[in-house]
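Before any comments, here is the structure.
In this note's numbering, the protein residues as written are 1 to 123.
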């Protein structure tokens with residue numbers, strides 16, 4: 001069975017270890033955004049403290065199907081569920097790292113008909 005998965009709007013995504021080329025994007029790559037708060041408060045992200053990072057709320061057409069990592073953009077990402085970009089919560093109170101996907105099953109293919117009759121059904 002095939003289908004597709006979409007990244008839900010419940011995800012707050014941090015792009016980490018980014019090149020300066022990403023700063024022209026519509027992402028929030030400001031010095032005070034939450035990815036810097038996370039990098040400064042977390043030993044596991046300490047290597048990203050002095051690099052460009054960006055944050056955004058997932059959902060919508062640009063993040064519906066993928067989170068893109070590239071050498072000329074950002075090399076890592078973190079995702080938190082239900083974390084608001086304007087939170088005042090300390091990092092220790094954030095939800096664990098997680099990524100929520102919504103799975104969509106494909107629509108059932110209609111049975112072929114020939115001349116208005118469906119020859120696959122038995123009467």
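For glycine and all other residues, C-beta sits at the position ideal for the given N, C-alpha and C.
Note that this is a predicted model, so its numbers are computed, not measured.
For residue 103: DSSP bridge partner residues
According to DSSP, residue 103 bridges with 5.
Quick one: give me the first and last residue of the alpha helix (DSSP H) that residue 127 is part of.
Because the chain spans 1 through 123 in this model, residue 127 falls outside it and cannot be assessed.
Between which two residues does the beta strand (DSSP E) harbouring residue 18 extend?
DSSP places residue 18 inside the beta strand (DSSP E), whose first and last residues are 11 to 18.
Could you have a look at residue 76 and say whether DSSP puts it in helix, strand or coil?
Of the three classes helix, strand and coil, the one that applies to residue 76 here is strand, per DSSP.
Mapping the DSSP letters down to three states, classify residue 46 as helix, strand or coil.
Helix, per DSSP.
Consult DSSP for residue 55 and reduce its assignment to one of helix, strand or coil.
Note: residue 55 maps to strand in three-state DSSP.
If we ignore side chains and look at the alpha-carbon of each, how far apart do residue 14 and residue 80 end up?
Rounded to the nearest whole angstrom, the C-alpha separation of residue 14 and residue 80 is 9 Å.
Taking all protein chains shown into account, do 16 or more other C-beta atoms lie within 10 angstroms of the C-beta of residue 50, making it buried, or fewer, making it exposed?
When all chains shown are included, residue 50 counts as exposed.
Enumerate in chain order the residues of its own chain whose CB-to-CB distance from residue 77 is below 7 Å, with the five nearest sequence positions on each side excluded.
Hits under 7 Å: 13, 14, 15, 16, 67 and 69.
Identify which residue in 96, 75 and 56 has its Cα closest to the Cα of residue 84.
Distance check between residue 84 and each of 96, 75 and 56 places 56 closest, using alpha-carbon atoms only.
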